Structures are given as structure tokens and as C-alpha cells.
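**Q** According to the numbering used here, the sequence shown holds residues 590 to 1077 in order.
Sharing a structure here in C-alpha cells format.
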Amino acid sequence: MAKTEPTRTDPTVSEDERITPQLWGLSVILTLGGVMSMFTSTVVNVALGAVGEELGASLGTTQWIASGYLIAQATMIPVSGWASRRYGATRLWLVCVALFAGFSALCAAATSIEALIAFRVLQGLSGGLLVPAGQILFAVAAGPKRLGRMMSVLSIPIYLAPVLGTLFGSLLADGLGWQWMFLVNVPIAVISLAAGLRWLPRETAREAPPMDWPGLALVMTGLPALVYGVSQLGESGGSAGALPLVLVIAGAVLLTGFVLRALRARTPLLNLRLFKDAAFSSAAVVIFCMGVALFGAMIVLPEYYLRARHESLVDTGLLTAPLALGTVAALPLAGWFTDRIGGARVILTGLIVTIVGTVPLALIGAQDSYWWLSAVQVVRGCGIGLTTTPALATGLVMVPKEQIPHAMPIFNMLQRIGGSCGTSILTALLAHRIATGPDTPAHAAAAVAHTHWWIVAITAAVVIPSIILVRLEARRRRTAATASPAAA
């Protein structure tokens, strides 16, 4: 008998491949939480001056409102896997949403800069658990045949956050006062919490391995030290003194100790033995390098609009928005193709599109058309959308279901460290190039163009692990296809 194609009424397709109304509802609820956490990470940046003026603090002090939040987020990422296993991803997510709302209200009520920074750190700690818990819940509920499409939905707030944060942060701070940049989280959290209590899946309690306290101490001190030290080196162009370099070295040593312990411990905080799988390792390399190329590049093009074209901060945010819009537009397509043909080929295609969209920025001049630059950013954004989320989905598909709470924090850590390293390296390159010539728009544009050639090179280097991933994924698909008739 001829083999028939599955139809929409096929029970196998319904169970394994079709996104049910329940899954769409799950995606909406978890995306609300993601929007809230990622929006808050950028919304305050445009109002640091106003906050400092009202609370009587210098800019050097008020910048900890942003830095403290980001460092606290990074600190909690490694803990998210253990906490999800110990308490359940749903319970952890609900508790973090409630805490996030409470700390947001306290931030708005703060009457001193010290109190505001302290509440922001607590807000960052809850946000650092909120997003990974949602991703773990998403990945487990979706299953391997729907993971690409579902992860693309949850990735939308990550790429929209910088645009929405800059735009709405300006509007809220100017129109209602800086307190509303925090109060806006409260109704979103209440809606998310009510919907989560009603519709998120309930998990049965299960025994979790004991906490690896030495490993926790190593990673919770090493990761923030490395991330903060690298970011400070980038922001200062190497002129911030010895402290950032000391932090980078100390963070690297502590994280090396964490890796050595994780490979030897019976119940490690994170199962780093997953890297023995070549496909998992290849996906991890792609995620790290794209963190360098994506988040590092986010600071380069705005400098073009600020230095070469003398645009305002708000206008610069709007002029760089097409990158995020292109990424968001490509995410549904990336998810669909990942589930249909496998993520590796989608990643390779996305890298090529990203390079095509970056080369024109490496040839940028002081008088280029804004329409042309917007179109180029859309193309580059599409390439990023076809690369980052499929890499995450492909890496998760490669691991057993029970290992997802280990794999997700690993990928998040690699992306965060890659982004910090990329920001530092590319900022230093740009600053050095600008300092070697006259203070003119043409020279600023040439410096931005030169830095984009480095971004092209970094992106091109990722092609190698992506090709390896294509071959490994094809081999696994052939093995699965051979095993299926035997199982039947």
C-alpha cells in the first residue's frame, strides 16, 4: 500500500506536531513574563539622569540601577536548572512573577538611591530565574517536534525589549515620572500570575539531587565577576583602571574551578558532560559566537548615528529598530522550518543571510541613506532570527527531556558571556579606531565600518560549527528513520 501523508486529523500529528490551543495559551502566558523581565532590563537606561537628579546621586552611582539588575540576572541563571528540578518549573515561574511585581512596586516607592539599587538587585534575582523557568517549561511542554516554533514565540520579547525599552522608557519618564517605569510591571505581573495559576500545567513534586554548594559558590561569584569586568573594560575602552581586569581574571579562574568540579561531582549544579555530545557542543559554539556578534554589534551601529549623523538618543533608538523588527519577523519562519527540516540547515542559512546584511554596514559612509540602512538592518535581523533561536532549539532537541533543566541554563550562560565579551571587544575596537583620527563624521563612519568587518569575520567563523551540526543532524535523522520501521 502506498504511504499516505499525515493529515490534520491524524492523531500522531495532533499529539507530536500540531500546536494545540493549550500550547498557544501557554506561550501567551510565558511570553508576558518574558516581556516584563526583558523590558525592565533596558527601560531605565534612558532615565538614569532624571533618577539621579531627583534622588541626588551622580551618574556613576545611578548606573548601578541598570548594572545591578543585569549582574543579578546573570547570577541566578545557573541556579534556575536546579530550582526548576527541585520546585517544579511552574511553581518557580509563578513565585518569581509575584516577587518581580513586589520588587517593582518597591523600586517605584524608593526614596533613596541606595534603596532603589537594592530593590533593583532583588528584582534582577527574581527576573534571572523567571525567564529560564519559562523556557524550561516551554521546552518540556512543546516536545522535540514543536520546539522550534514554540521557542520562536518565547524569543520575541528578547529582541523587542531593546526597542520597546528605549521608546517607552522615554515616554514614561517624560510623561508620568520615572516611577512608572517600574509600576508598569505590576499590572502585567498580576495578569500573568492570574493566567498562570489558572492554565499553566501542574507538576508533581519530585526528588531533586542535593545542592552542590561549592559549585554554586564558584559560579555565583565567577559569572558576575566575569560579566561585569568584561562590560566595564568595553565601556571604558580599557581606561577604567586595574579593577575590571582583576575581575575578569578572577571570574575566569572561578568559572574554571566550577567546570572542573562539575565534571567530577556526582550531582553537579549543571551537567557539563553534555558537551561530550558533538551536536550539543556545536550548538553551544553557535550560541556563544552569535552572542558575541549580536549583542556586541548592538552598541556599534548606534555610535554611527550618534557620532557620524549627530542624531538624538531617541532618534537613534528608532533608527536601529529595524534590526529587531527583522529578527521578530523571521522568528515564526525560523521555528516552522526548524520543526520541518531540522534546525542545523536553518542556522546555516541564517548565518549566510546575516553576513549578507552585515557587509553593507562594513562599507558604511557618512551620507548613506537612512532607508538603505534600515533595509540592511532588516536583512541582518532576519538572518539573526534564523540563527539564534534555531540554535537553541536544536541544542535542546539533542538532549534527553530530563536534561533540559541542565541544558537551558548552559545555553543562557554562554549567550550572556558571549554578549558581554562581544560588547567589550567591539567597543574597544571602535574606541581605538575613533581615537586614531580626527573628530569628523567621515572618520566616525569609517571606524564603525571597520568594526563591522570584525563582526563579519566572527559571523563567518560560526559557519564551521554550523556545517558540523548539519552533518550530525542529518546522521541522526537517518538513524531515527532506520530505527522507526524496526520499532514498528
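In this text, a Cβ means the ideal position worked out from N, Cα and C, and glycines have one as well.
Please read all numbers here as calculations on a predicted model, not as lab measurements.
1) Roughly how many angstroms separate the alpha carbons of proline 1054 and leucine 761, rounded to a whole number?
2) Rounded to the nearest angstrom, what separates isoleucine 608 and leucine 812 at their Cα positions?
3) Relative to the alpha-carbon of glycine 846, which residue among Arg862, Ser871, Val819, Ala806 has its alpha-carbon at the smallest distance?
4) Classify glutamate 1062 as helix, strand or coil using the three-state DSSP reduction.
5) In this structure, does DSSP put leucine 688 in helix, strand or coil?
6) Does DSSP put lysine 865 in a helix, in a strand, or in coil?
7) Inspect the beta-carbon positions of threonine 977 and glycine 932 and report whether they are closer than 8 Å.
8) I need the boundaries of the alpha helix (DSSP H) containing tryptophan 767, first residue and last residue.
9) Can you tell me the Cβ-Cβ gap for valine 720 and serine 626, rounded? I've got them flagged as a contact below 8 Å.
10) Just to confirm, is the Cβ distance from valine 1045 to alanine 951 under 8 Å?
11) Per DSSP, what kind of secondary structure is serine 616 in: helix, strand or coil?
12) My assumption, with CB atoms under 8 Å, is that valine 686 sits in contact with glycine 622. Please give the rounded CB distance.
13) Assuming alanine 778 contacts alanine 690 (C-beta within less than 8 Å), just tell me the rounded distance between them.
14) Across the stretch 1023-1036 and the stretch 878-898, are there enough close Cβ pairs to call them in contact, namely three or more that are closer than 8 Å?
15) Which same chain residues, not among the five before or five after serine 741, have their C-beta less than 7 Å away from its C-beta?
16) If you draw a straight line from the alpha carbon of proline 733 to that of leucine 714, how long is it in whole angstroms?
17) In whole angstroms, give me the CA-to-CA distance for tyrosine 748 and leucine 772.
18) Determine the contact status of glycine 804 and glycine 840, defining contact as a CB-CB distance below 8 Å.
19) Please report the straight-line C-alpha distance between alanine 1049 and tryptophan 961, rounded to a whole angstrom.
20) Mapping the DSSP letters down to three states, classify leucine 749 as helix, strand or coil.
21) Here's the rule: buried if 16 or more other CB atoms are within 10 angstroms of the residue's CB, otherwise exposed. What is threonine 593?
22) By how many angstroms is the C-alpha of histidine 899 removed from the C-alpha of valine 710?
**A** With the given structure in hand:
1) 44 Å
2) 36 Å
3) Ala806
4) helix
5) Leucine 688 carries a helical assignment under DSSP once its states are collapsed to helix, strand and coil.
6) helix
7) no
8) Per DSSP, tryptophan 767 belongs to no alpha helix (DSSP H) and is neither H nor E.
9) Indeed they touch by this definition, with Cβ atoms about 5 Å apart.
10) With respect to the 8 Å criterion, valine 1045 and alanine 951 are classified as neighbours on the basis of their beta carbons.
11) Correct three-state label for serine 616: helix.
12) 6 Å
13) Confirmed, Cβ separation roughly 3 Å.
14) yes
15) Leu920, Pro921, Ala923, Gly924, Thr978
16) 30 Å
17) 22 Å
18) Not in contact: glycine 804 and glycine 840 (Cβ atoms no closer than 8 Å).
19) 23 Å
20) If DSSP states are grouped into helix, strand and coil, leucine 749 belongs with the helices.
21) Low per-residue confidence applies at threonine 593: pLDDT is 39, beneath 50, and the placement is therefore not dependable, though the value from the model is reported in the following sentence. Threonine 593 should be labelled exposed.
22) 34 Å
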